[in-house]
Amino acid sequence: MPQFYETVFIGGGISCLSAASGFRGDAILFERADRVGGLCKSDQLAGFTFDRTGHLLHLRDPRVRRLVKRLLGDNIDELARNSWIYSHGVYTRYPFQSHFFGLPPEVVSECLLGMFAAHKKTNRYQPKNFAQWVMTRFGRGVARHFMFPYNQKLWTVSPRTLTTEWLGRFVPKPDLKEVIRGAVSDWHDDAGYNAKFFYPVKGGIETLVKAMTRPVKRIVCQVGVAKIDLKTRQLTLTTGDRVGFGRLVSCVALPALIKMIASKPDRISKMATKLRWSSVYNLNIGFKDRGCDRHWVYVPENRWLPYRFGYASNFSKTMAPRGAGSLYTETAYSRTQRLDKETARRRIIRDLIAIGVLNSKKDILVEKVHDLKYAYAIYDRNRKRSVSGLLDYLETHEIYSIGRYGRWEYSAMEDAIIQGIDLAKYKL
Ligand SMILES: Cc1cc2nc3c(=O)[nH]c(=O)nc-3n(C[C@H](O)[C@H](O)[C@H](O)COP(=O)(O)OP(=O)(O)OC[C@H]3O[C@@H](n4cnc5c(N)ncnc54)[C@H](O)[C@@H]3O)c2cc1C
């Protein structure tokens, strides 16, 4: 008889760790990688600490703030965002829509005129997609110079394909007074969900993962779940062993989780095929420091490959050895627009040199590319119905799919932690 566990956690992402750390029953967690943490892992390389792209703690929920502060103790700093946009050969402040100052005059006037026209029309009709939403909120200039190209790069689909469900806190909406102030002066504010953020002083974001892992009793790494049999309530592991389960909590990406389920209804397989995503190459670079104090920079223009880069060593000095700095870059790709890792790496470095972020290749002390297969779940017109159908199906079989990829959503570490806390409290 295979070993039986009342609860099996599949995947050691931050959401499952949050649920498992608050759960006192009979449980085991299987993680297919060599250690838990998922996207919230940090790597030590030649004296540098690199996260798998920038992972900053934006904490709005007082419960999570308290939890994170308790877990990290003194090892946490609060920082005020210093983020920028690089376009037309200049850096302007984030968010683009309220900081045109410094852009070429013709671009400033195009953005302002579009914004005035949009403000006049705002309530006339309900936007059907993200492209229409941008046009009604911000007008043609902001659409053309930032919102359309940036979002097309990140999501890898046309802004017309995207719905507006994901916008929530992610796109700040300035009033006209702020827009004008930000066009005629270098005024800046703290708009948006990420104006302040927390970050560990030492050890990168994985420090939080390590602290969350402490109360979890049974974690087995380098063993993944390969198959889920709902009839026998048994899992087949990547070792070939079988394990019986009462219920499952998974942070595996929803399409991959559904694929693991044997003999599911056709309608469920079909729904899963409707889910789309963009992937990200995260190139981390340790380099000879040049004294820049920016945190991160959005890069909307198509001529440059990355959609964003940031300076991890400006989140904490301990991320890089003395005299050195560290950078992360993010480049999105999709299954249909294949971009191989090596081509991406070469083009990103070339772009960083052309933009002036690096002097030359000689500045690079160390580098590493991570391929983040599931990075952004695409909010197209099929997503909502498919996700709710799939989650309902899973829950009727006592499978709780949580986390950014388990719920197939655009969300942050804080949301993943909350989902884990709530699941352990109310359902397990
Ligand atoms: C580019 C980018 C930037 C981001 N920046 C931020 C940020 O600044 N701030 C922020 O709060 N959030 C950020 N996020 C979001 C953050 O990464 C996620 O919210 C968080 O990591 C989600 O964790 P999770 O629990 O959903 O699972 P994941 O981190 O996806 O972990 C899933 C785990 O399951 C394991 N697994 C997969 N298949 C199996 C299997 N068959 N068997 C066993 N184990 C398996 C994997 O190895 C992995 O460990 C960013 C995300 C991206 C893509």
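Numbering follows my numbering, with no gaps: position 162 of the sequence shown is 362. Where a beta carbon is used, it is the ideal one built from N, C-alpha and C, also for glycine.
Check	Outcome
Taking the runs of the alpha helix (DSSP H) that are 4 residues or longer, which of them lie wholly in the region 423-496?	454-460 and 466-473
Throw me the rounded Cβ distance for the Y600 and L623 pair, which I believe falls under 8 Å.	6 Å
Using the Cα positions of V371 and K417, report the straight-line distance between them to the nearest angstrom.	40 Å
Which stretch, first to last residue, makes up the alpha helix (DSSP H) that contains Q352?	F348 to W355
Return helix, strand or coil for Y605, following the three-state DSSP convention.	helix
For V357 versus S534, is the C-beta spacing smaller than 9 Å?	yes
With distances taken Cα to Cα, identify the nearest neighbour of I468 among T363, L594 and D563.	L594
Would you call the region 218-234 and the region 416-430 in contact, with 3 or more CB pairs under 8 Å?	yes
Is M412 near ligand 1, with its Cβ less than 8 Å from a heavy atom?	no
DSSP three-state call for D389: helix, strand or coil?	coil
Mapping the DSSP letters down to three states, classify I553 as helix, strand or coil.	helix
Given the structure, does P626 come close to ligand 1, in the sense that its CB is under 8 Å from one of the ligand's heavy atoms?	For the record, residue 626 in the displayed sequence is Tyr; it is not Pro. No - ligand 1 has no heavy atom lying nearer than 8 Å to the Cβ of Y626.
Please report the distance separating the alpha-carbon of D441 from that of N394.	44 Å
Judging by CA-CA distance, which residue of R522, L505, T438 and A383 is the nearest neighbour of T529?	L505
CB of A472 to nearest heavy atom of ligand 1: below 8 Å?	no
Is the beta carbon of C240 within less than 8 Å of some heavy atom of ligand 1?	yes
In the structure shown, what three-state DSSP assignment does P202 receive?	coil
Does the distance between the C-beta of Y205 and the nearest non-hydrogen atom of ligand 1 fall short of 8 Å?	no
Strictly by DSSP, which residues pair up with H570?	N482
Return the first residue and the last residue of the alpha helix (DSSP H) that D622 is part of.	M613 to Y626
Taking 8 Å as the line, does the beta carbon of C492 fall inside it for any heavy atom of ligand 1?	no
Could you give the residue range of the beta strand (DSSP E) that holds T292?	V290 to R293
So, with DSSP's three-state summary, where would you put G667?	Nothing about residue 667 can be reported from this structure: the residues present for the chain run from 201 to 628 only.
Is it the case that the region 546-565 contacts the region 265-272, given that we only count it when at least three CB pairs across the two stretches are under 8 Å?	no
Expressed to the nearest angstrom, what Euclidean distance is found between the alpha-carbon atoms of Q148 and R340?	Here the chain covers residues 201 to 628 and nothing more, so residue 148 does not appear.
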